[in-house]
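Worksheet: the structure to be examined is printed underneath.
Protein chains: 2
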Amino acid sequence: MTELFTVHTPPDAWARFSEHFRPQVRVERVATADALGRVLASQLISPQDLPEFPRSTVDGYAVAAADTYGATPGLPAFLAVVGEVAMGKAATFEIGPGEAALVHTGGMIPPGADAVVMIENTQRVDASNIEVFQPVAEGQNVVQVGEDIRRGQPILTPGRRLRPQDIGGLMALGITTVDVATPPVVGVISTGDEVVPPDQPTQPGQVRDINSYSLAALAQRVGAQAIRYGIIPDNRDALEAAARRAVQECDIVVFSAGSSVSYRDMTADVINALGAPGVLVHGVSVKPGKPTILAVCGGKAVFGLPGNPVSAMVIFDLFITPTICTLLGTNAPPKTKVSARLARNLASDAGREDYVQVRLEQRDGEIWAAPVLGKSNLIYTLVNAEGVIKIPLDSNGIRAGEWVTVMMD
Amino acid sequence: MTELFTVHTPPDAWARFSEHFRPQVRVERVATADALGRVLASQLISPQDLPEFPRSTVDGYAVAAADTYGATPGLPAFLAVVGEVAMGKAATFEIGPGEAALVHTGGMIPPGADAVVMIENTQRVDASNIEVFQPVAEGQNVVQVGEDIRRGQPILTPGRRLRPQDIGGLMALGITTVDVATPPVVGVISTGDEVVPPDQPTQPGQVRDINSYSLAALAQRVGAQAIRYGIIPDNRDALEAAARRAVQECDIVVFSAGSSVSYRDMTADVINALGAPGVLVHGVSVKPGKPTILAVCGGKAVFGLPGNPVSAMVIFDLFITPTICTLLGTNAPPKTKVSARLARNLASDAGREDYVQVRLEQRDGEIWAAPVLGKSNLIYTLVNAEGVIKIPLDSNGIRAGEWVTVMMD
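Following this line, the structure appears as structure tokens:
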């Protein structure tokens, strides 16, 4: 009854998996106004110059800069005001030598003008003339045609998660729909005769389903759609039936497996029945999370996760988050990282990655990472943690006081 | 026509504003399964011990630890197997001295047992007896009643943005609905005779609406609901009518104001007509973003933002994001911070906060923050930026090569 599987390092496990998992990014068109956080799926090129006309950046007078050279408060330049450019209107007249036009911030500069004098540096002499007290250089206080972005210039590349300013930039160019990646569908199958739905009372020996919900939420957080297939009893036919349905309806199928050895073997068998090549990795040198299965079945990604909620979440982050991002054609969103000193010794084995849940504490102006006490398979270890530190493959552990990088959650 | 307003520092502006803005957090009840990212609005206490029965963490035999003391492969302990605890079932029998029961990972420990011997450290002698090769200590391989969380223990506090593991922790306790903050409603009013909707072709002098969309997306990103009130022409009656409607329907009203001085004055007048105390701050020592209005009108938060998209977004982050978080009863979500060396000198004035859009560049193994070139009021300055650095109030600038903190976006 001891487990016989070849344990792979996380990078090796991922390499084996991604050799067989080479999906196409599915694309859909959405309104740019609704595209916040969506992953762009096509290269976007500017269809026009922005702005399309020279604009003033101040309230003032559009002039030919040369007409203001040498102007001082004592010896101002004297210019004739030949008109005003109304906001939102084209300048319908031209500026000649010695002439100026009143313009507003964001308004169009008339032909013949190449700079704008701020209103504060002028004075009205009479109804149609001004004095200018300070010279302006050519182009001063003007945004030139195409200065923001030029027609034909690449603006956003595929894989970009659209931010508020990106949406603004697209609207500025009249790009009101965009091609984005369709959210991958992640199916979560919870198993175990001891597991009951959270809204039901428990009998002695029973526990409520955690992983269907925490794993679905992890999937949603990174941009996938999640389907929960409920709790499947510990029996091969029921499990295979649920798995066949899930693998048909989803891009990724995740088994939150019963934790006994016999149950894990059953999960591997069922996965192998779902399609070729089947199980690629069974066992990863990660703590917690060793009895993990990575598989590809008929082009779908399939994972068997340990039943304990901490292992399940660590493994989700390690393998399923990047799989979702592959399907979205993007990289995993970066986590906030905090440098902190480790509050106590942590042992590890070389050849294994350890993930340790920590809280941050302030002590004497320094940040310390305190491992959350308690058994590593308890859900409140995760709830009470603010982040995680990784003890790398080649390390035998980290001593108290050493600096570590905490990946915040 | 020069501007006469008292400029406040950002902390002073915020203090004036928050003295008058003291909203109640509105609460609604949602399914825990749908509560990812929502802000918890009540203190949660565990209604039960978790687990409710002692559980094995391994596959093996539940025993009285004392029966295994001194056991070795050469001199094993000999125990009678009196039963098996099925997964999901209560242990219906007791363990007496010299007895053991087969248990599975996650299964219940029967009364009389206080530890579990891993199956690898045992051997079946015959149908009803085993040998144990290694002693276990009391409590070994057992999760005790209440070891994960105890009945009556506080589990999550108001203000928490619920993470996947929090949802898991609630489900484990049968807490399937939770009180969360109702998303505040942010109304965005875009103004300016030059502004046209993004799906319309532009005539010379016209530009497309950016801010309605970028500001709405900023509001959504931090957990608010956004309503766009369209583009209001530069006229006092139209503006006041739109503003009255918005202030009635929303918790926060944001004017993306026309940028001319006269227009800003009109905005301030309209805001003062919406309710007491009206405009509290008109002008903040921030670059870009100086001509900002902070107001409270009849309990609603009202902001006048400069029309240029970069200023508008900087000011949104500085004042409106924390206002939304006040209404949610939480803190602003932390931004990812990156330490980098500044790629070129940046001048500033003491007494003013400057926000400079930057990109990160790798040079000789170091990260450098390169200010995005181009006028600060162009939307593609923001689109091309990866983050922002702040030059503090008391600084005259930062020299090239100095270390700065980039707040990533």
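Protein sequence lines, in the order shown, are assigned to chains A and B.
My numbering applies: residue 1 is where the first sequence begins, and numbers increase by one.
My numbering applies: residue 1 is where the second sequence begins, and numbers increase by one.
Quick reminder that beta carbons are idealized off the backbone N, C-alpha and C, glycines included.
Residue i to residue j span [Cα, whole Å]
i: Val196 of chain A; j: Arg352 of chain B; result: 59 angstroms
i: Asp67 of chain B; j: Arg38 of chain B; result: 51 angstroms
i: Asn141 of chain A; j: Gly401 of chain B; result: 30 angstroms
i: Gly397 of chain B; j: Leu346 of chain B; result: 5 angstroms
i: Tyr355 of chain A; j: Gln24 of chain B; result: 40 angstroms
i: Ile271 of chain B; j: Ser285 of chain B; result: 21 angstroms
i: Thr2 of chain B; j: Val63 of chain A; result: For Thr2 of chain B, the predicted structure reports a pLDDT of 40, less than 50, and the residue's modelled location is therefore unreliable. The matter cannot be settled from this model.
i: Val103 of chain B; j: Ser311 of chain A; result: 21 angstroms
i: Ala226 of chain B; j: Ala181 of chain B; result: 16 angstroms
i: Thr6 of chain A; j: Glu94 of chain B; result: 39 angstroms
i: Val222 of chain B; j: Val338 of chain B; result: 21 angstroms
i: Leu40 of chain B; j: Ile167 of chain B; result: 11 angstroms
i: Val145 of chain A; j: Gln248 of chain B; result: 41 angstroms
i: Ala13 of chain A; j: Ile45 of chain A; result: 38 angstroms
i: Ile210 of chain A; j: Val82 of chain B; result: 32 angstroms
i: Ser18 of chain B; j: Thr177 of chain A; result: 39 angstroms
i: Ile149 of chain B; j: Glu84 of chain B; result: 27 angstroms
i: Ile389 of chain A; j: Ala370 of chain A; result: 10 angstroms
i: Thr157 of chain B; j: Asn308 of chain B; result: 39 angstroms
i: His8 of chain B; j: Pro135 of chain A; result: 31 angstroms
N-terminal and C-terminal residue of the alpha helix (DSSP H) that residue i is part of
i: Gly408 of chain A; result: Here residue 408 of chain A is Met; the residue named in the question, Gly, does not match the sequence. Segment Trp403 to Met408 is the beta strand (DSSP E) holding Met408 of chain A; no alpha helix (DSSP H) there.
i: Arg244 of chain B; result: Arg236 to Glu249
i: Val310 of chain A; result: Pro309 to Ile315
i: Thr381 of chain A; result: Ile379 to Val383
i: His8 of chain A; result: Unbroken run through His8 of chain A: none, as it is neither H nor E.
i: Pro233 of chain A; result: Taken as a continuous stretch (DSSP letters only), Pro233 of chain A belongs to no alpha helix (DSSP H), as it is neither H nor E.
i: Pro51 of chain B; result: Element bounds for Pro51 of chain B: n/a, residue is neither H nor E.
i: Thr321 of chain B; result: Thr321 to Leu328
i: Asn211 of chain B; result: Asn211 to Arg221
i: Gly169 of chain A; result: Pro164 to Ala172
Residues that residue i contacts on chain B, provided the C-beta gap is smaller than 9 angstroms
i: Gly375 of chain A; result: Position check: residue 375 of chain A holds Lys in this sequence, whereas Gly was assumed. Correct list: Thr57, Val143, Glu147 and Asp148.
i: Ala13 of chain A; result: In chain order: nothing, as chain B lies at least about 22 angstroms away.
i: Leu79 of chain A; result: Result: empty, since nearest Cβ-Cβ is about 17 angstroms, beyond 9 angstroms.
i: Arg22 of chain A; result: Chain B residues near Arg22 of chain A: none, gap ~28 angstroms exceeds 9 angstroms.
i: Gly307 of chain A; result: Thr105 and Gly106
i: Ala41 of chain A; result: Under the 9 angstroms cutoff, chain B gives no residues; its nearest Cβ is about 18 angstroms from Ala41 of chain A.
i: Val132 of chain A; result: Chain B residues near Val132 of chain A: none, gap ~15 angstroms exceeds 9 angstroms.
Buried or exposed by the 16-neighbour rule on C-beta atoms within 10 Å, applied to residue i
i: Trp403 of chain B; result: exposed
i: Leu79 of chain B; result: buried
i: Gln357 of chain A; result: buried
i: Thr92 of chain A; result: exposed
i: Glu301 of chain B; result: Contrary to the premise, residue 301 of chain B reads as Ala rather than Glu in this sequence. Buried.
i: Ser56 of chain B; result: buried
i: Tyr213 of chain A; result: buried
i: Pro251 of chain B; result: The residue you asked about is not Pro; residue 251 of chain B is Asp in the sequence shown. When all chains shown are included, Asp251 of chain B counts as buried.
i: Ala71 of chain A; result: buried
i: Tyr69 of chain A; result: exposed
i: Ser348 of chain A; result: buried
i: Pro392 of chain B; result: exposed
Under 7 angstroms by beta carbon: chain B residues contacting residue i
i: Ile167 of chain A; result: Tyr213, Ser214 and Ala217
i: Asp409 of chain A; result: Arg163
i: Tyr380 of chain A; result: Asp148, Ile149 and Gly169
i: Thr336 of chain A; result: Pro334 and Thr336
i: Ala65 of chain A; result: Ordered by position in chain B, no residue passes the 7 angstroms Cβ test against Ala65 of chain A, which lies about 17 angstroms from the chain.
i: Ala62 of chain A; result: Chain B residues near Ala62 of chain A: none, gap ~13 angstroms exceeds 7 angstroms.
Chain-ordered neighbours of residue i on chain B, where CB pairs are closer than 8 angstroms
i: Phe53 of chain A; result: Pro204 and Gly205
i: Leu36 of chain A; result: Ala217, Gln220 and Arg221
i: Val136 of chain A; result: Result: empty, since nearest Cβ-Cβ is about 15 angstroms, beyond 8 angstroms.
N-terminal and C-terminal residue of the beta strand (DSSP E) that residue i is part of
i: Ser339 of chain A; result: Lys337 to Leu342
i: Met118 of chain B; result: Ala115 to Met118
i: Val281 of chain A; result: Pro277 to His282
i: Ala370 of chain B; result: Glu366 to Pro371
Interface partners of residue i on chain A, CB under 8 angstroms
i: Thr176 of chain B; result: Pro198 and Asp199
Partner residues on chain A for residue i, Cβ-Cβ distance less than 7 angstroms
i: Val82 of chain B; result: Simply none; closest approach about 17 angstroms.
i: Asp209 of chain B; result: Met171
Can you give me, in chain order, the residues of the stretch 263-296 of chain A that have a beta carbon less than 8 angstroms from any beta carbon in chain B? none
Could you please tell me which residues of the stretch 220-250 of chain A, in chain order, have their CB closer than 7 angstroms to any CB of chain B? Gln220, Arg221 and Asp234
Review point. What residues in the stretch 98-126 of chain A have a beta carbon less than 9 angstroms from any beta carbon of chain B?
Key: His104, Thr105, Gly106, Gly107, Met108, Ile119 and Glu120
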